[in-house]
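Each remark here refers to the structure printed beneath this line.
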Amino acid sequence: MNIENNKVVSFHYTLTNEKGETVESSRDREPMAYLHGAGNIIPGLEKALVGKMTGDQFEVTVQPNEAYGERKENGVQRIPAKHFKQAHSLQKGQRLVLQTKQGPVQVTVVKVGRFNIDVDTNHPLAGQALTFDVEVTEVRDATAEEISHGHVHGPGGAHH
Ligand code: ZN
Numbered sequence: 011m012n013i014e015n016n017k018v019v020s021f022h023y024t025l026t027n028e029k030g031e032t033v034e035s036s037r038d039r040e041p042m043a044y045l046h047g048a049g050n051i052i053p054g055l056e057k058a059l060v061g062k063m064t065g066d067q068f069e070v071t072v073q074p075n076e077a078y079g080e081r082k083e084n085g086v087q088r089i090p091a092k093h094f095k096q097a098h099s100l101q102k103g104q105r106l107v108l109q110t111k112q113g114p115v116q117v118t119v120v121k122v123g124r125f126n127i128d129v130d131t132n133h134p135l136a137g138q139a140l141t142f143d144v145e146v147t148e149v150r151d152a153t154a155e156e157i158s159h160g161h162v163h164g165p166g167g168a169h170h
């Protein structure tokens, strides 16, 4: 069975950045599962999986515009420390979720000052070409319910 829209695909992957450092890997846990064609994973990786089948192994390098986007230079923002619950215990590099008028935004702390905290709203992998080493472990038809929800149910997916 080949990968196309409305298939549920399970795969193992190892993700490396431009420096060749391993960013994350599914090898120490269960494979990642996604619904193909639903935009569950980054576009460049989804494209590379089209037509593949169980057992296929391949490597693909995805440019930022098909991964997490380019870095925005104005993505770093200075926020008064009083807006943080425990500003004094924040550390550089720490990831946290800020509640904003536009909803929750995940940020990275870049500088902790006495009165202000600088945070970077860019995704940590923005602006980077990413290399995925992929092994497809399962391809199956999605259920009607999965297609209507736009995501996978069961192992590797949503439980609800
Ligand atoms: Zn669901």
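For the sequence shown, my numbering gives the first residue as 11, with consecutive numbering after it. The C-beta atom is built at its ideal place from N, Cα and C for all residues, glycine as well.
Any non-hydrogen atom of the ligand ZN closer than 6 Å to A168 Cβ: yes
Among A168, L59 and Y78, whose alpha-carbon lies nearest the alpha-carbon of G70? A small correction: the amino acid at residue 70 is Val; Gly does not occupy that position in the sequence shown. For V70, the closest alpha carbon among the candidates A168, L59 and Y78 is that of L59.
From the DSSP output, which residues share a beta bridge with E34? L25
Less than 7 Å between the C-beta atoms of Q109 and V119, yes or no? no
Given this structure, state the Cα-to-Cα distance separating L25 from N132, to the nearest angstrom. 19 Å
Separation of V162 from H169, as counted between CA atoms: 9 Å
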